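Here the structure comes first, spelled out in structure tokens, and everything after it is commentary.
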Amino acid sequence: IKNEAANELMKAALPTLGQLSKKAGASFDAPNVVLILGQYDVKSFIEFSKRWDKKSSIVISGGRRRGTPGLIAAVRREYLEKLPEESKINFETLINRADTTEAEIIEFILNQLGIPSEASGKQIIYLEKISTNTKENIVNSKPIIEGILAGAPAKVQIVTSPPLNLRAYLTAQQLLGSGWQLKAEPV
-18 IKNEAANELM
-8 KAALPTLGQL
2 SKKAGASFDA
12 PNVVLILGQY
22 DVKSFIEFSK
32 RWDKKSSIVI
42 SGGRRRGTPG
52 LIAAVRREYL
62 EKLPEESKIN
72 FETLINRADT
82 TEAEIIEFIL
92 NQLGIPSEAS
102 GKQIIYLEKI
112 STNTKENIVN
122 SKPIIEGILA
132 GAPAKVQIVT
142 SPPLNLRAYL
152 TAQQLLGSGW
162 QLKAEPV
């Protein structure tokens, strides 16, 4: 019952999040950077991979924290069986390292879903591997995003699980300031 109530509450809150993004000036169609926050909802990464516009750079933010075993378990439960044998072995090798981060695991998933880390000599995926919470995700990703933008206006799409969208959006809005256009719509 608790999960059902949480899901119903989230469904009710999603339109409000969309309105917050629009009121804050996030009316852009395509972001120039997508910020993916570490968490264990593998479905959000799969959905993002279907919608990625192939133009946006991607910053994946997430260190090794108490939620990392949950992400590993979710990948095993929801996704690993769909992979070829060699990819399964590569995943097991990755997660057996003591220092593997959520950013690296999410990058692995996106690579398997057809989003390369780089293409034609251009880096597509950038990793931020030390953050352990939403505030750190935003603060530690900011210099990476600024480097990618090289002075261009910031149009940043935040990707995380639906229950974390509102918190991620409000945290980013507070920490990044008014010069950043943000969206945090569920994927």
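Under my numbering, the first residue of the sequence shown is numbered -18, with each subsequent residue one higher.
Even glycine gets a Cβ: it sits at the ideal position worked out from N, Cα and C.
Quick caveat, the model's predicted, so the values are computed rather than measured.
Short of 7 Å from the beta carbon of Ser25, and not among the five residues preceding or following it, lie these beta carbons of its own chain, in chain order: Val140, Thr141, Ser142, Val168.
DSSP places Ala135 in the uninterrupted beta strand (DSSP E) bounded by 135 to 140. Secondary structure at Glu166: coil, using DSSP grouped into helix, strand and coil.
Runs of the beta strand (DSSP E) lying entirely within the stretch 33 to 112 and spanning at least 3 residues, in chain order: 38 to 42, 106 to 109. Comparing C-alpha distances from Asn13 to each of Glu67, Ala165, Lys123, Lys136 shows the shortest one belongs to Lys136.
Between Pro134 and Leu163, the alpha-carbon positions lie close to 11 Å from each other. For Leu16, the enclosing beta strand (DSSP E) starts and ends at 14 to 18. Judged by their CB atoms, Ile86 and Pro97 are not nearer to each other than the 9 Å cut-off. Three or more beta-carbon pairs separated by less than 8 Å link the stretch 34 to 44 to the stretch 113 to 123, which places the two stretches in contact.
Taking each of Gly51, Ala55, Glu59, Asn92 in turn and checking the Cα distance to Asn71, the smallest one comes out for Asn92.
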